[in-house]
Structures are given as structure tokens and as C-alpha cells.
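Student: In my numbering, the protein residues as written are 6 to 234.
The C-beta atom is built at its ideal place from N, Cα and C for all residues, glycine as well.
Please read these numbers as outputs of a predicted model, since none were measured by experiment.
Below: one structure in C-alpha cells.
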Amino acid sequence: MQLTIQTPTADLNQSIVFYEKLGFEIRTQGPKIVAIDSQICIEINQERTARICIQLHQNSWNKTLLQLKDRTPIIKIEEGYLITDPNGIWIKLVEKILDEKAIRSDSKSLLGNYGGVCIETLDVSKSCEFWSLLGFSSTSKDFSKGWIEMKSEGGDSISLLQAQQCPHLFFNPSLTYFNGFRNLEIIESIKKHKIEITEKITEFNSKGEVDNIILRDSGGLGFFIFNDE
């Protein structure tokens, strides 16, 4: 199974400029335009009905759909199926495996170390159960900390965070980058490239300094650029 992200746009050029500034490679793949680096593939979708969604790719979802039918609406679409998780996150189940060369490049974005997709949830346990049906698992079932990471066999990560824990803006879902003490350097690089910062976070710094930031593309997809030390 493969994971990609879809983000909508009302202005394709604006979206392309945003991702190019961040160091992503822009490619045209048939009717699709994607922003890719060595860690993630983000499809920029111009269709007016497009929304932010997590796209999961494999040859068939028939067995999974039988398990999902009582948990989510299932809409048949051209590429496969559209469903939602317990938090209203759109998920596109695509019945096609992509060539790895089409979803990765040698480019390294300014954002640093990609840590996967982050979802804020009202019920971590319920969300964990749902995502397990989609092929994600966790070595821990301890929900007491209000946070759990789940991974697919391919290594893609989904982190579930309990609602009302994060003292900052949260665009659901968001992409997370964990850079340790290098985060200050990365923040400065983002500033130099004149990329608008959506939120400057001081909450976790004892000196009240900005050591974490949040970005957002024009379609509403969030990026958490965090110091996790």
C-alpha cells in the first residue's frame, strides 16, 4: 500500500509557487500535477469538488470495503472509493499501485524530516480501530497519553492526537516534520524564501522564543515544522 496526499487549489500557479519555494519538484503526470520530494507526494487537484484527502493506493480494496460498510459512507469514484474516518477526514481508496519513481524524487524540501500525517481526533481508540482496518498498526495500545502513532507495512505513518491537547492551530489533517534543534535553522531558511508562516509557536519554549511554526498551502493543507527535542 502507498500513501499520497491530495490538496485542492483555486489558483494552480499560486500552489505551484508555494511548493517550488519549499523545494518540491513539480511534475505533470497525465492530467495530474504533483509536488514531490524524497519523502512525500502531494497531488495538486484543480477540480472544483476536490478536497484535502489522504489517498491510499493498492490494487483492490474489496475485502476492506466489507469491513468498512457499517463504519463510513462509501462513494464509488473513477479511481476507486471515497470514505471518511471517524473525524471526517476524507480518504480516497485508489485501486492502483503507482510507480515509485512517480511519487518520489531526489529533491529535498526545506521542511526537514517528514514524520507522517497527523490527525486530531475526539476518540483516539475509535480512530485507531478504524485506521487498523486500512492496514495501519501500532506496537502500543496505550491511549493514556492521548497520542499514538500507527504505521503501514510500507512505513507510512499516521499519528492520532487527542483533541484539546495541542495549544496551536490544527488543520486536520496536517503533515508533520520533526527536526530537533535544527528546526531554528529550517525556520530561518523558510523566512529567507519569503514563505508565509501561518503561526509562530512559542508555547513549548521556556524562553518564549519561536521554535515551532505552522505553514498552510492555499488549499488548506497544514504543515507542522516542529522541534521535537
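#1: Could you tell me which uninterrupted alpha helix (DSSP H) segments, each at least 4 residues in length, are contained entirely in the region 65-150, listed from first to last along the chain?
#2: Can you tell me which of the three DSSP states residue 193 falls into?
#3: Give me the residue from 46, 183, 31, 155 with the minimum Cα distance to residue 133.
#4: Within this structure, are the beta carbons of residue 29 and residue 16 separated by less than 8 angstroms?
#5: For residue 39, write down the residues that DSSP places opposite it in a beta bridge.
#6: In its own chain, which residues sit with a C-beta less than 7 angstroms from the C-beta of residue 65, not counting the 5 before and 5 after it?
#7: For the alpha helix (DSSP H) containing residue 18, name the first residue and the last one.
#8: Does the separation of the CB atoms of residue 86 and residue 70 fall below 8 angstroms?
#9: Let me make sure I understand the geometry here. Which of 59, 57, 60, 79 has the alpha-carbon closest to that of residue 67?
#10: How is residue 221 classed by DSSP in three states: helix, strand or coil?
#11: Less than 8 angstroms between the beta carbons of residue 116 and residue 189, yes or no?
Tutor: By the coordinates alone:
#1: Runs of the alpha helix (DSSP H) inside the region 65-150: 67-73, 105-108, 129-138.
#2: helix
#3: 155
#4: no
#5: Partner(s): 32, 48.
#6: 100
#7: Note, residue 18: alpha helix (DSSP H), 17-26.
#8: yes
#9: 79
#10: Three-state DSSP puts residue 221 in a strand.
#11: no
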